[in-house]
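Q: Sharing a structure below in structure tokens format, with a few things to ask.
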Amino acid sequence: MARFNVYEWLTGLGQLSLMARDAIVSLLTFRITWRDLLYQIYFIGIKSQSVVIITGAFTGMVLGAQTFFQFHKVMMDTATLAVVSVSMCDELGPVLTALMVAGRVGAAIAAEIGTMRVTEQIDALRTLATHPVDYLVVPRLLAAHIAMPLLTLEAIAIGILSCYLVGVHLLGIDAAFLWQNALKYTHDVDVVIGVIKALIFGGIIAIISCYKGMTCPMGAEGVGRATTEAVVYSSITILISNFFLTLVIGKLVGLL
Amino acid sequence: MIEVRQLEKSFGTQKILNGVNLKIDSGESAVIIGRSGGGKSVLLKHLIGLLQPDAGTVLVDDENIVGMNERQLLRVREKFGMVFQGAALFDSMTVAENVGFPLARKKKKYTAAEIEKRVAAALEMVDLPGTQRKKPAELSGGMRKRVGLARAIIYEPQIILYDEPTTGLDPIVSDSIDQLIIRVRDHLKVTSVVVTHDMRSARRVGNKVFMLHNKKIYASAPPEEFFASTDPIVRQFIDGVADPKETLFDP
């Protein structure tokens, strides 16, 4: 049983890699339908606004409040925004945005492509001399690569802004020192780290969700399973890869 | 021309096809009949490379398509049109977008006006003029199959494959689909391969009948000869008589 599971898992990983390779080759040879790409950017980017704004705002606020409660004990109130700003840029902004997008967009992608597979629409695409990767995966992958960094930047900015507002108006921290400290400890590189992570997470969400949809087992239950697995696997991959990305990018930044 | 030699296919431990041989000449209208779950659709999907066999060869115009990768197959598939059992229309698109899809994918060749004109002509051919703006969900089963057929013929393929075109339709709609298949065959001079278990349909649209039985092609003959056969297995299938040993309940 265990051997079968490992075999299945490795086969899946191989197929996913082949699909990713196909998608990259297709991207490099510009087999893109611009209309589909624009629609996907709209779907992944614009339609995720409410989710990302709420995530960014409340994460910033709660992190600010909690940091303040702890720092207040050692009279470091004005360092609150600096802590929030660095953690939003480096970790929370990209990771939480990616998790929310995985839940919303990943599920939708897997369900849509899975239903297409079950109703033979993917076979129909193939008979109409259209490569499913060109038509279904590439626009979603590229759109996720474009939308995710923008969404992440938005979440970071809103998180910092809401922390500032809570700090100044609710917790009574001095606005000038709060802002000055934040600027002093947050560097350009923190924002760059956030954007790089967002780019990678966007790719992870799109590839895993498309793969789960394309290999969806037959039947309504199959579509349900593919959808759940797309969200779960994307989320887990994001969390695990985030740790390694932090180490690798940290090392690279240290070298620069 | 399509030729299949010693085709074998299993799903898991279950063997579906075991040594299938058949040859369909250009311009011929072949009907593949056989029992439900007997591997007819699986065989049809091998002809266009949607499935890869475990062994054997599939020659399309003398080119072996077995072992080709997906991109190589795309070129071969330009010769084919396929009508699916459930029509397989893209449900996020309108009828016009569905039918015009193969042309729109080749943007360099066709302008929007040309596509519109050809979509209208294709819909006219399948007796569904003026349905361009409808969504597939608004259409009946028979209408969907017609739209599926319009989508398959719009780029004028040389070979059209039909997967159970009349299954699930009432006799009158089935008859109109049969007439449509004949009309497409005669007007566009295409090779047709029809998979069905509808005997009436098989008799009308085919000029060669292949019977798939026991994972192999059991019989192949022109329809007159086939339907006059005295072979007990062929006869049983034509007459639709269940084997008493296989009935679930005692009569």
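Going down the list, the sequences are from chains A and B. Going by the working numbering, the first sequence opens with residue -18, and the numbers climb by one from there. Going by the working numbering, the second sequence opens with residue 13, and the numbers climb by one from there. Backbone N, C-alpha and C define an ideal beta-carbon position, used for all residues, glycine too.
Against chain B, with Cβ distances strictly below 8 Å, would residue 150 (chain A) count as a contact?
A: Start at 1 with the first residue of the first sequence, and residue 150 (chain A) comes out as number 169. No, residue 150 (chain A) lies away from the interface with chain B (no Cβ there is under 8 Å from its Cβ).
Q: Residues in the same chain with beta-carbon distance under 6 Å from residue 44 (chain A), minus the five sequence neighbours each way, listed in chain order, please.
A: Position 63 of the first sequence, counted from the start, is the residue given in the question as residue 44 (chain A). These residues qualify, in order along the chain: 65.
Q: Should the stretch 141 to 149 of chain A be regarded as contacting the stretch 33 to 43 of chain A, the criterion being three or more beta carbon pairs within less than 8 Å?
A: Cβ pair count under 8 Å is three or more, so yes.
Q: Just to make sure I have the definition right: I need the residues of chain A whose C-beta is within less than 9 Å of the C-beta of residue 46 (chain B). Which are they?
A: Position 34 of the second sequence, counting from 1, holds the residue named residue 46 (chain B). Chain A residues near residue 46 (chain B): none, gap ~20 Å exceeds 9 Å.
Q: Can you give me the C-alpha to C-alpha distance between residue 166 (chain B) and residue 99 (chain B), rounded to a whole angstrom?
A: On the second sequence, residue 166 (chain B) is found 154 positions in, with the first residue counted as 1. On the second sequence, residue 99 (chain B) is found 87 positions in, with the first residue counted as 1. Cα-Cα distance, rounded: 15 Å.
Q: Report yes or no: do three or more beta-carbon pairs, one from the stretch 67 to 79 of chain A and one from the stretch 167 to 177 of chain A, lie closer than 8 Å?
A: Contact between the stretch 67 to 79 of chain A and the stretch 167 to 177 of chain A is present, because at least three Cβ pairs lie under 8 Å.
Q: Hey, is residue 94 (chain B)'s beta-carbon within less than 8 Å of any beta-carbon in chain A?
A: Residue numbering aside, residue 94 (chain B) sits at position 82 when the second sequence is read from its first letter. Output row for residue 94 (chain B): interface = yes.
Q: Measuring only the C-alpha atoms, how far is residue 261 (chain B) from residue 118 (chain B)?
A: By 1-based counting over the second sequence, the position of residue 261 (chain B) is 249. By 1-based counting over the second sequence, the position of residue 118 (chain B) is 106. Here the model assigns residue 261 (chain B) a pLDDT of 47, short of 50, so the residue's position is not dependable, and the following value carries that caveat. If I take the Cα positions, the gap works out to 56 Å.
Q: Does the beta-carbon distance from residue 29 (chain A) to residue 76 (chain A) come in below 8 Å?
A: The residue labelled residue 29 (chain A) in the question sits at position 48 within the first sequence. The residue labelled residue 76 (chain A) in the question sits at position 95 within the first sequence. Result no, Cβ atoms of residue 29 (chain A) and residue 76 (chain A) do not sit closer than 8 Å.
Q: At which residues does the alpha helix (DSSP H) containing residue 154 (chain A) begin and terminate?
A: As a first step, residue 154 (chain A) is located in the first sequence; it is residue number 173 there, counting from the start. Segment: none, residue 154 (chain A) is in no alpha helix (DSSP H) and carries neither H nor E.
Q: Strictly below 7 Å CB to CB, what residues from chain B border residue 101 (chain A)?
A: Looking up residue 101 (chain A) in the first sequence gives position 120. Within 7 Å Cβ-Cβ: 96, 98 and 100.
Q: Compare the Cα-Cα distances from residue 89 (chain B) to each of B:24, B:43, B:66 and B:168 and report the closest residue.
A: Taking the first residue of the second sequence as position 1, residue 89 (chain B) is located at position 77. Of the candidates B:24, B:43, B:66 and B:168, the one whose C-alpha sits nearest the C-alpha of residue 89 (chain B) is B:168.
Q: So which residues on chain B does residue 196 (chain A) lean against when the C-beta distance must stay under 8 Å?
A: In the first sequence, counting from the first residue as 1, residue 196 (chain A) sits at position 215. Simply none; closest approach about 14 Å.
Q: Taking Cβ positions only, does residue 236 (chain B) come closer than 8 Å to chain A?
A: Counting from one through the second sequence, the residue named residue 236 (chain B) turns up at place 224. It does not; no Cβ of chain A falls within 8 Å.
Q: Quick check: is the beta carbon of residue 216 (chain B) nearer than 8 Å to any beta carbon in chain A?
A: By 1-based counting over the second sequence, the position of residue 216 (chain B) is 204. Judged by the 8 Å Cβ criterion, residue 216 (chain B) is not in contact with chain A.
Q: Using only CA atoms, which one of B:109, B:233 and B:22 lies nearest to residue 35 (chain B)?
A: Position 23 of the second sequence holds residue 35 (chain B). The shortest C-alpha separation from residue 35 (chain B) is found at B:233.
Q: What's the call for residue 56 (chain A), buried or exposed, on a 16-neighbour Cβ count within 10 Å?
A: Here the question's residue 56 (chain A) lines up with position 75 in the first sequence. With fewer than 16 other Cβ atoms within 10 Å, it is exposed.
Q: Could you tell me the distance, in whole angstroms, from the CA atom of residue 126 (chain B) to the CA atom of residue 132 (chain B)?
A: Here the question's residue 126 (chain B) lines up with position 114 in the second sequence. Here the question's residue 132 (chain B) lines up with position 120 in the second sequence. Those two C-alpha atoms are separated by around 10 Å.
Q: Would the stretch 187 to 194 of chain A count as touching the stretch 119 to 135 of chain A if we require 3 or more Cβ pairs under 8 Å?
A: Segments in contact, yes.
Q: Mind checking residue 232 (chain A): buried by the 16 CB within 10 Å criterion, or exposed?
A: The residue given as residue 232 (chain A) occupies position 251 in the first sequence. When all chains shown are included, residue 232 (chain A) counts as exposed.
Q: Could you give the residue range of the beta strand (DSSP E) that holds residue 92 (chain B)?
A: Within the second sequence, numbered from 1, the residue matching residue 92 (chain B) stands at position 80. First-last of the beta strand (DSSP E) with residue 92 (chain B): 92 to 95.
Q: Please state whether the Cβ-Cβ distance between residue 96 (chain A) and residue 213 (chain A) is less than 8 Å.
A: Indexing the first sequence from 1 puts residue 96 (chain A) at position 115. Indexing the first sequence from 1 puts residue 213 (chain A) at position 232. No, these two residues do not count as a Cβ contact at 8 Å.
Q: Can a CB atom of chain B be found closer than 8 Å to the CB of residue 208 (chain A)?
A: Your numbering for residue 208 (chain A) matches position 227 in the first sequence. No, residue 208 (chain A) does not count as interfacial toward chain B.
Q: Could you name the residues of chain A that residue 249 (chain B) contacts, counting a contact when the two beta carbons are closer than 8 Å?
A: In the second sequence, counting from the first residue as 1, residue 249 (chain B) sits at position 237. In chain order: nothing, as chain A lies at least about 26 Å away.
Q: When the Cα of residue 137 (chain A) is compared with those of A:174, A:8, A:-2 and A:115, which residue comes out closest?
A: Within the first sequence, the letter at position 156 stands for residue 137 (chain A). Nearest of A:174, A:8, A:-2 and A:115 to residue 137 (chain A), Cα basis: A:174.
Q: What residues from the stretch 101 to 128 of chain A come within 7 Å of chain B, judged by C-beta to C-beta, listed N to C?
A: Listed in sequence order: 101, 102, 104, 105, 107, 108, 109, 110, 111 and 112.
Q: For residue 82 (chain B), which residues in chain A fall below 7 Å Cβ to Cβ?
A: Stepping through the second sequence from its first residue, residue 82 (chain B) is reached at position 70. Within chain A, the residues near residue 82 (chain B) are 112.
Q: Indicate whether at least one CB of chain A lies closer than 8 Å to the CB of residue 259 (chain B).
A: In the second sequence, residue 259 (chain B) corresponds to position 247, counting from 1. For residue 259 (chain B), the predicted model reports a pLDDT of 47, less than 50, meaning its position is unreliable; a value from the coordinates is still stated below. No, residue 259 (chain B) does not count as interfacial toward chain A.
Q: Return the Cβ separation of residue 178 (chain B) and residue 208 (chain B) in integer angstroms, given the expectation that the two are a contact with Cβ distance under 8 Å.
A: Numbered from 1 along the second sequence, position 166 holds the residue referred to as residue 178 (chain B). Numbered from 1 along the second sequence, position 196 holds the residue referred to as residue 208 (chain B). Rounded, the Cβ-Cβ distance is 6 Å, consistent with contact.
Q: Drop a sphere of 10 angstroms on the beta-carbon of residue 75 (chain B), count the other beta-carbons inside from all chains shown, and report buried for 16 or more, exposed for fewer.
A: In the second sequence, the residue the question calls residue 75 (chain B) occupies position 63. Label assigned to residue 75 (chain B): exposed.
Q: Buried or exposed: residue 183 (chain B), going by 16 or more other Cβ atoms within 10 Å of its Cβ?
A: For the purposes of this step, residue 183 (chain B) is identified with residue 171 of the second sequence, where counting begins at 1. Flag for residue 183 (chain B) reads exposed.
Q: Going by C-alpha distance, which of B:214, B:220, B:170 and B:161 is nearest residue 192 (chain B)?
A: Within the second sequence, the letter at position 180 stands for residue 192 (chain B). For residue 192 (chain B), the nearest C-alpha among the options comes from B:161.
Q: Rounding to the nearest angstrom, what Cα-Cα distance links residue 49 (chain B) and residue 112 (chain B) in this structure?
A: Position 37 of the second sequence, counted from the first residue, corresponds to residue 49 (chain B). Position 100 of the second sequence, counted from the first residue, corresponds to residue 112 (chain B). Going by the C-alpha atoms only, they are around 33 Å apart.
Q: Considering only their Cβ atoms, is the gap separating residue 58 (chain A) from residue 154 (chain A) smaller than 8 Å?
A: Counted from its first residue, the first sequence places residue 154 (chain A) at position 173. Counted from its first residue, the first sequence places residue 58 (chain A) at position 77. Yes.
Q: Could you have a look at residue 104 (chain B) and say whether DSSP puts it in helix, strand or coil?
A: Stepping through the second sequence from its first residue, residue 104 (chain B) is reached at position 92. Residue state, collapsed to three classes: coil.
Q: Quick one: list the residues of chain A neighbouring residue 90 (chain B), beta-carbon separation under 8 Å, in chain order.
A: As a working mapping, residue 90 (chain B) is identified with position 78 in the second sequence. What residue 90 (chain B) touches in chain A: 110.
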